[in-house]
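Here the structure is laid out as structure tokens; the discussion comes afterwards.
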Amino acid sequence: MKKLYQALQHFTELLYPKLCGACGLHLLENETVLCVYCRALLPFSNESHDPDNSTEKLFWGNVPVEAAATLLFFNKSARTQVLLHQLKYHQRFEIGEMLGELFAQALVHSGRFDAINMIIPVPLHPERAKFRGYNQSAVIANSMASILKVPVANKLLLRKINTESQTKKNRIERFDNVECVFSVASPDEVKGQNILIIDDVITTGATLISSAQALHQAGSNELFIGAIAKA
Ligand SMILES: [Zn+2]
Numbered sequence: 002m003k004k005l006y007q008a009l010q011h012f013t014e015l016l017y018p019k020l021c022g023a024c025g026l027h028l029l030e031n032e033t034v035l036c037v038y039c040r041a042l043l044p045f046s047n048e049s050h051d052p053d054n055s056t057e058k059l060f061w062g063n064v065p066v067e068a069a070a071t072l073l074f075f076n077k078s079a080r081t082q083v084l085l086h087q088l089k090y091h092q093r094f095e096i097g098e099m100l101g102e103l104f105a106q107a108l109v110h111s112g113r114f115d116a117i118n119m120i121i122p123v124p125l126h127p128e129r130a131k132f133r134g135y136n137q138s139a140v141i142a143n144s145m146a147s148i149l150k151v152p153v154a155n156k157l158l159l160r161k162i163n164t165e166s167q168t169k170k171n172r173i174e175r176f177d178n179v180e181c182v183f184s185v186a187s188p189d190e191v192k193g194q195n196i197l198i199i200d201d202v203i204t205t206g207a208t209l210i211s212s213a214q215a216l217h218q219a220g221s222n223e224l225f226i227g228a229i230a231k232a
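Next up, the structure:
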């Protein structure tokens with residue numbers, strides 16, 4: 002049934018023109034993913050260059066992090082929210098690819114992320130991954146990898162507790178600061194690596210702090226943090 006649905010969806014895409022990932026208007030021939038208007042109005046957070054940015058400060062005192070940054074603000078424009086929703090729930094992979102490219106270019110420009118030699122997307126819990134079919138953070142990470150010219154490791158960091166299945170916020174907060182949310186499958190492959198951890202949205206930082214702590218304990222060298230949007 003799912004395959005039939007996907008086939009129909011692909012067929013529909015052939016019949017109808019692509020829509021802007023943010024505003025839903027039909028894209029012109031020379032536009033990709035976003036219309037010119039939405040592209041010009043993306044709410045960039047401009048954190049890559051700034052060593053004292055507020056995302057970086059979330060990690061201070063929690064886990065040693067070399068540099069951290071986001072690409073966009075989440076709350077300052079509905080565009081970011083729509084884009085990430087389309088990527089996460091509607092298989093608009095091209096949105097993740099575009100955002101990943103923009104983000105990777107910003108990191109390269111800053112010169113603060115040059116040491117990275119591996120990217121790890123924040124993993125979904127296996128049950129969640131099975132249900133959803135893909136990890137939106139992995140889509141972003143794969144796109145970044147081609148620009149940063151480093152491999153993506155999808156199987157080294159494991160999510161042991163399905164925090165996403167609990168919709169209650171207090172439940173998430175209760176779990177997220179517990180170190181056992183994440184574990185490392187093979188610490189030998191993490192040892193000495195300079196790792197960029199990628200997530201779609203950062204709010205309190207709890208998920209990324211837990212991820213970073215697991216990698217740090219497994220013997221990683223320098224840790225870098227990146228999220229597309231900052232809530
Ligand atoms: Zn648009």
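The sequence shown begins at 2 in my numbering and counts up one residue at a time. Beta carbons are placed, not taken as given, at the ideal position from N, Cα and C, and that holds for glycine.
Q.
For I198, report the span of its beta strand (DSSP E) as first-last.
A. It spans I196 to I203 - the beta strand (DSSP E) in which I198 sits, taken as one unbroken run.
Rank N47, A139, K161 and L5 by C-alpha distance to the C-alpha of A69 and give the top, closest one.
Minimum Cα distance to A69 is reached at N47.
* Asked: Helix, strand or coil: how does DSSP classify F104 here?
  -> For F104, the three-state secondary structure derived from DSSP is helix.
- Message: Using C-beta distances below 6 Å, list every residue in its chain close to V83, excluding the 5 sequence neighbours before and after it, in chain order.
- Response: For V83, where only same-chain residues beyond five positions count, the Cβ hits under 6 Å are A23.
What residue range does the beta strand (DSSP E) around L216 cover? Premise fails: L216 lies in the alpha helix (DSSP H), A207 to Q218, not in any beta strand (DSSP E).
Any heavy atom of ligand 1 nearer than 5 Å to the CB - residues listed: Counting every residue whose Cβ lies closer than 5 Å to a heavy atom of ligand 1, we get C21, A23, C24, C36 and C39.
Tell me whether K161 sits in a helix, a strand or coil according to DSSP, three-state version. In the three-state reduction of the DSSP assignment, K161 falls in the coil class, being assigned neither a helical nor a strand state.
| field | For I229, the nearest candidate out of A146, V202, T208 and G220 (CA to CA) | value | Of the candidates A146, V202, T208 and G220, the one whose C-alpha sits nearest the C-alpha of I229 is V202.
Sub-8 Å separation of A146 and I121 beta-carbons: Going by C-beta atoms, A146 is not nearer than 8 Å to I121.
Item to complete: Please go through the same chain and pick out, in chain order, the residues whose beta-carbon is closer than 7 Å to the beta-carbon of N222, but skip the five residues on each side of it.
Response: If we look at N222 and ignore the five residues flanking it on each side, its Cβ neighbours are G193, Q194 and N195.
| request: Take N163 and list the residues in its own chain whose beta-carbon comes closer than 8 Å to its own, dropping the five residues that flank it on each side. | output: For N163, same chain residues with a beta-carbon under 8 Å away, outside a window of 5 residues either side, are H126, E128 and R129 in chain order.
- request: Spell out a yes or no on whether the segment 199-214 and the segment 55-67 are touching, meaning 3 or more CB-CB pairs, one atom from each, closer than 8 Å.
  value: Cβ pair count under 8 Å is three or more, so yes.
Query - Chain-order list of residues whose beta-carbon lies under 7 Å from that of L103 (same chain, five-residue window excluded) - result: If we look at L103 and ignore the five residues flanking it on each side, its Cβ neighbours are L72.
Exercise for review: Alpha carbon to alpha carbon, how far is T208 from A142? Give it in angstroms, no decimals.
Suggested key: Each residue's Cα considered, the two are about 16 Å apart.
Looking only at C-alpha atoms, which of E30, I117 and E57 sits nearest to A154? It is I117 whose Cα lies nearest to the Cα of A154.
Beta-ladder partner(s) of I96, from DSSP
Note: I96 sits in no beta bridge, so no partner.
Beta carbon of V140 nearer than 8 Å to that of F75: With respect to the 8 Å criterion, V140 and F75 are not classified as neighbours on the basis of their beta carbons.
Q: Pick out whichever of K19, S55, L28 and Y6 has its Cα sitting closest to the Cα of T204.
A: From the listed residues K19, S55, L28 and Y6, the smallest Cα separation to T204 is found for S55.
P188 beta carbon less than 8 Å from that of G220
Yes, they are a contact pair.
Please report the residue range of the alpha helix (DSSP H) in which L149 lies.
Taken as a continuous stretch (DSSP letters only), the alpha helix (DSSP H) holding L149 covers Q137 to L149.
| message | So, with DSSP's three-state summary, where would you put A68? | response | Three-state result, A68: strand.
Practice prompt. Could you check if N31 is buried or exposed, using at least 16 other CB atoms within 10 Å of its CB as the buried criterion?
Written response: Looking at its Cβ environment, which holds fewer than 16 other Cβ atoms inside 10 Å, N31 is exposed.
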